[in-house]
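> Can you keep this structure in mind? I'll have questions shortly.
Here you go:
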């Protein structure tokens, strides 16, 4: 009956793996992500990041004027 322990270990491993899979699924359906597909979430996040980058570039441009900024400016 040595295989009894092997089967039990396999069941435990499968249960743990299933629990991890379910946890990952739940994470994508929390809060603002609920009801959105992966592509919709990516598009939303990309839009937010573009807005943040534009805002940062505008602030750097207003502060620095002609000087080197944080967004690839060249030293004069």
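In the UniProt record's numbering, the protein residues as written are 1 to 76. Cβ atoms here follow ideal geometry from the backbone N, Cα and C, with glycine treated the same way.
1) What number of angstroms, rounded off, separates the C-alpha of residue 34 from the C-alpha of residue 20?
2) Alpha carbon to alpha carbon, what distance is there between residue 11 and residue 51?
3) In whole angstroms, what is the alpha-carbon distance linking residue 4 and residue 32?
4) Taking the runs of the beta strand (DSSP E) that are 3 residues or longer, which of them lie wholly in the UniProt domain "Small EDRK-rich factor-like N-terminal" (1-42)?
5) Can you give the Cα-Cα distance for residue 7 and residue 26, rounded to whole angstroms?
The relevant details are as follows:
1) 19 Å
2) 48 Å
3) 46 Å
4) Inside the UniProt domain "Small EDRK-rich factor-like N-terminal" (1-42), DSSP marks no whole beta strand (DSSP E) run of 3 or more residues.
5) 29 Å
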